[in-house]
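Protein chains in written order, with UniProt numbering: chain A, 1 to 1184; chain B, 1 to 431.
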């Protein structure tokens, strides 16, 4: 990518803008004062210790110095003495916090590897991460696990308590790095005698600070794009003159999503953009940079050890040229269009850079831009840590960068560590690969109406798929179908772009968007030449020509019928990555016909191993990908084995939580004596780590690819209920296939079958009509509703049940296209715009229960008819806000026990009736009058499983896996619901900052990317912890802006009084103010945005408002006025609460924060005893 | 699956072929390659099957283990026999093609996409290609590089080198890894029966063949670098002084000369048979024994030359030069199972403890145990512990089994050229 750096380090607070949840010391003044405050209240703090002893101080002073000396003296003269450090005993690892765009589960992967690697070496590991859905925060991954907020002040508490010898900050992305910098700069690390390992403060700053970085590159003679920071128009013009040529990129500091910035192609444009940029910037600063648009972009993954050995793990070439963030680019490894001389130049530069920046050990990522015309090279940026690209490079090459980086940080040199895959050769080598890897990002623009699906230098993708193939074409096609966006490959489909006119096509070739590859397809189909596509898109002709050949092949297949295709021809087609479905499309036949013909001709995929060495040495690690080549290396065993289907690329609504469940399944079943086989296509995850399971197939999760693996492996069991919607959708086709073919298990005992709840039961829960019948039979209440197959149906149902109603398409994920509708008009609009309604695609219409409390239940059932409730969660936000976006608490806080009992009994009844074997998730609503309604039931692992597991101290996913293998809940000694003494709160983290122009109101459509967890003995503190962890900075005093709609006005008095009681002043616009004045509550009036100035927006800008509570009326005016105000709050980092319940809980949290202090408590301290018994249980089960 | 490669259903491809000049290599029973008059390069359409966007298999690779691999040909056509070796470098196919050390060998590239960047002038490592053929997984449909001057297919066709693609190179590599290097026959001639080709592969042997005489220069010449200066590096470490070096061409890679020149050497390249006395008459500051193809035992005359020069001036041996030095010092060389061919081999420089990632290309190695006292092993290959570098300080000798000149490969070992300069400097000062 080109300019994360430009944003994040030109001015150091940029990163805080682009990564809203990343802590920065200056933002946490309050918590600092509150924690120092704590010293006066010793009774409420846990595990208080005295100040550090002198000895510690002494060690700080000397240790880093000696380490430095040894690293600089290595150079040529003397052989460095290296090896595992014995002066370190306890190491703290910083995690990455919640999943946000740009920082996803790749850091769970790296953190998990680091924990494992360091514990393997005998170190005690202390881990901090606020994200409960990670494998690394499993209590058995580290010795001490803190699922707590990650602010410098709170982390200091942990340092004080745990007194680690060293801190490893390079595994937790930018969050961890920023945190480490804050801790180092404030002197906290020195105070507690903690050494930074992996990357020193100087190196981090040199890499992160744009000016320092530029200077460093100058020192070693490497070019950077010319740029400068201007505070006035004159300064900008001066910089422009210095750079000397257009186009120029202008990036204002401190605006959200690059507002006011742009690309200037001439002087006039430049001045205009600079002016608007300077105006838009909070600090009146803009960055002016030479545009490298259209240059080729490359990344090199570099590793260095303390002996100064440097190796390049992988080279990556971006198909999307400069101008698109590398996280949003389609990328290919290894680099395809460099000669050796050009590649070695990049290699030499990378080596020089890592040395100059001074990353003394570990992995780094260096990004280059190369001019396609003359090969001029510029370095764009360098990340002095394990990054998303490192995760990709690890999965692409089989070289475990994070694990190695952890080992290097404790003193090993690369040649002292064996290569994990070959076992015989050392890790000090550069992987050679004999396949091509393609990564394609996955986006979620459809979830953020108002935002433009345009790719820029700011990352917007929410996940990615990766595929390996013997050729670029094969891997590219596989990556496209791995994305699960409805394409079964590239081309051979009726894509919407084919109907576009030339203008529209040319525009979408020129302007990068998630669908640009389909525009390329359409353009090629319509006869546009590769040269012209290049002129528009600057995508290298090598890639375009490869794609062109795919179109030629498609034309050829189109001219044939399936029966005409010969064996050789089908081979040629399959070798180019075409799926059966694509061939079926082109030959106008069915996928099944293609498959049958293919198999009858003996054309099946061969599986090749990823071995880091291009087959030069023997590899024992079964990490495999499919290809249509000659020799198959899979060598399946005849052991008892289980195939686990993963969740595919992350998307909103299906992310790390499901990967967590898949990993747990693998761990549990491995322990129980099964060979576990993982199949997934997501490079960011722990599940695609080759040591998570016994065997790994890095493959798309489509019917064709899964059946191929089933045919080959013939496992005893297939597990579909842990990977979210992806494998669930495959369950029925797999079941049909198994019913038809009755394959025998490779282990020789019985037939291959799907384990756990039967696909039929899953279908029964998803099929509205079948489900209704079951609920009627069990006498379980649900909100009135119906299934509409036409608009008339819909209106009739709505009239019958009365507005407001919730409408949504059937079979959806993450509340996709779900809406609450208050009138006929709105319903018609919805049916016209949001979804298509016809008998094939019915729409569900349900009564919306106003002001109801929503409850989430995770339950576990075994095949013997036992059901145990795992956890009952009370949502903070009202029903109607998607459960994934809502905060929730275990145990429930306000629900009467009679309701809870109803919920328990219904859940149990339903699980038994559906013959659930494994996990089931139910959602209930409780109305103000105390009536309970079942909203939804899903007989599968839910998003909340990791959270519940951590809250109650029982690994539910592991239990579920064992139950599916045939054990009973009694065997597992998990027979009754656990009600913990402490309170756990989950809070969602939302990516609104990344999507300019979309509203921030919560609704039935899920939009959060991640979650955090707060645990404490009191709800208010646990809630406060969750808020802090989510990056919400609750103010302790100041002014609250209140603006409530008519529906929520009844709560206005209570909210206002609570805040007044806490010492806040209240500001409101006319309606709300009038209401308060009538009640005699002191309120200051302010104008609405459209009423004139100064208005509420001005107050936000001037910092006169510290907290906003806005419930939207959703009317036309609010759509403009209110939305603008909410976006402003977001831009100026003013906490904004959009629900009544949220406001009340926040007030509670502020109240308790004011009266007592936050204590950092390790997960292990909550469950000391539970965990011991649990691990015993697991041990005993493994012997079964 | 297993049947595919064994499927002999060959498509009749009536291409008019006629014999061309006999090859330069004078060796035992060999088949002479022939050049095809039709351009059968990368464009599948040339086969006359315009509508089918791929070419139909028209070549076979028959290995001495009896396996037969159907493939598609590019470059020249005909029948050729040679030793199949694999190379795991991800970049630098052109340097590999022009590396004279591959004389008589089929090079199999493990990186699937070859030809992406075409060929260009600066990346040439010798005046011509000496290898027997190229085996790759996928031939690039097009080229993409600002330096590209010609496509790989045209380049090979012009130089009368056979190439095949669309063959499971990984499967062949795995065979080579298990069984060691194999002799193979590459043929585009439909008339030849499989048995015939197999017989041909079994009756050919590379051991003991003097391949060097086929690749060395005919007469001494002064090295003048015509490569663009852009590609020079480490130039800040250049010595002000100039050293006169005589480089024995056993199949020398141009980058050795470029690197020496970059460090300030004036170089005279001499043929492999150039008498030691003549060399010494030139009064050089140092002598370099270059890399080269084949078995060091096949060129006893070269060992004699080395012996005569040892001790009189500082010498530097690279690859073949290293093996010749080993023999000249009384040591033994042996043929390795499948040699080292790649750009990612870790070598430990025992003098400073550093690990260098190196380019390697050799099938023979020196047995360090057979060397006389006083000879130090200075470098070892970390993958298999084999000897990768020697020094005999008493006689001002240094040598490396691998390629410090890289090209292709990482530049980690470039410092050894500087060491050679230092060696010449100190010996000059001592004199």
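Built from N, CA and C at the ideal position, the CB exists for glycine as well.
Since the model is a prediction, treat every value here as computed from it, not as a measurement.
So which residues of chain A does residue i contact, with C-beta pairs closer than 8 Å?
{"i": "residue 411 of chain B", "result": "344, 347, 348"}
{"i": "residue 233 of chain B", "result": "345, 348"}
{"i": "residue 116 of chain B", "result": "336, 337, 542"}
{"i": "residue 123 of chain B", "result": "339, 340, 341"}
List, in chain order, every chain A residue whose beta-carbon is nearer than 9 Å to that of residue i.
{"i": "residue 254 of chain B", "result": "Ordered by position in chain A, no residue passes the 9 Å Cβ test against residue 254 of chain B, which lies about 12 Å from the chain."}
{"i": "residue 271 of chain B", "result": "Those within 9 Å of residue 271 of chain B in chain A number zero; the least Cβ separation is about 28 Å."}
{"i": "residue 342 of chain B", "result": "432, 613, 614, 616"}
I need the boundaries of the alpha helix (DSSP H) containing residue i, first residue and last residue.
{"i": "residue 305 of chain B", "result": "300-309"}
{"i": "residue 355 of chain A", "result": "340-357"}
{"i": "residue 830 of chain A", "result": "824-833"}
{"i": "residue 178 of chain B", "result": "169-179"}
{"i": "residue 505 of chain A", "result": "502-510"}
{"i": "residue 1128 of chain A", "result": "1123-1131"}
{"i": "residue 476 of chain A", "result": "472-482"}
{"i": "residue 1101 of chain A", "result": "1096-1101"}
{"i": "residue 606 of chain A", "result": "Segment 606-609 is the beta strand (DSSP E) holding residue 606 of chain A; no alpha helix (DSSP H) there."}
{"i": "residue 71 of chain B", "result": "No alpha helix (DSSP H) holds residue 71 of chain B; the beta strand (DSSP E) holding it covers 68-75."}
Do residue i and residue j have their CB atoms nearer than 8 Å?
{"i": "residue 134 of chain B", "j": "residue 107 of chain B", "result": "yes"}
{"i": "residue 857 of chain A", "j": "residue 899 of chain A", "result": "no"}
{"i": "residue 788 of chain A", "j": "residue 837 of chain A", "result": "yes"}
{"i": "residue 628 of chain A", "j": "residue 52 of chain B", "result": "no"}
{"i": "residue 334 of chain B", "j": "residue 367 of chain B", "result": "yes"}
Chain B partners of residue i, CB-CB under 9 Å?
{"i": "residue 375 of chain A", "result": "145, 146, 147, 230"}
{"i": "residue 321 of chain A", "result": "Here the premise fails: no neighbours, minimum Cβ distance about 12 Å."}
{"i": "residue 425 of chain A", "result": "346, 382, 383, 384"}
Which residues in chain A have a C-beta closer than 7 Å to the C-beta of residue i? List them in chain order.
{"i": "residue 357 of chain B", "result": "311, 429, 430"}
{"i": "residue 330 of chain B", "result": "Residues of chain A passing the Cβ test: none, with the nearest at roughly 29 Å."}
Which residue marks the beginning of the beta strand (DSSP E) containing residue i, and which one marks its end?
{"i": "residue 290 of chain A", "result": "286-290"}
{"i": "residue 878 of chain A", "result": "867-878"}
{"i": "residue 265 of chain B", "result": "265-271"}
{"i": "residue 428 of chain B", "result": "Run containing residue 428 of chain B: none in the beta strand (DSSP E); it sits in the alpha helix (DSSP H), 415-430."}
Could you name the residues of chain B that residue i contacts, counting a contact when the two beta carbons are closer than 7 Å?
{"i": "residue 1154 of chain A", "result": "Result: empty, since nearest Cβ-Cβ is about 58 Å, beyond 7 Å."}
{"i": "residue 372 of chain A", "result": "146"}
{"i": "residue 415 of chain A", "result": "346, 348, 355, 382"}
Can you find at least 3 beta carbon pairs, one from the stretch 702-720 of chain A and one from the stretch 682-691 of chain A, that sit closer than 8 Å? no
Just checking, does the stretch 177-186 of chain B make contact with the stretch 59-74 of chain B on the three C-beta pairs under 8 Å criterion? yes
Only counting runs of 3 or more residues, tell me where the beta strand (DSSP E) segments fall wholly within the stretch 165-224 of chain A, in order along the chain. 166-168
Starting from the N-terminal side, write out each stretch of the beta strand (DSSP E) that is 3 residues or longer and does not extend beyond the stretch 919-1006 of chain A. 932-938, 983-989
Please give me, in chain order, every unbroken run of the beta strand (DSSP E) with length at least 3 that falls completely inside the stretch 655-694 of chain A. 675-680
Assess contact between the stretch 664-680 of chain A and the stretch 949-969 of chain A, defined as three or more Cβ pairs (one per stretch) separated by less than 8 Å. Is contact present? yes
Cβ pair count under 8 Å reaching 3, the stretch 399-411 of chain A against the stretch 95-115 of chain A: yes
Let me know the beta strand (DSSP E) ranges lying completely inside the stretch 758-801 of chain A, each 3 residues or longer, listed in chain order. 785-788
Three-pair Cβ contact test at 8 Å for the stretch 385-399 of chain B versus the stretch 362-377 of chain B: yes
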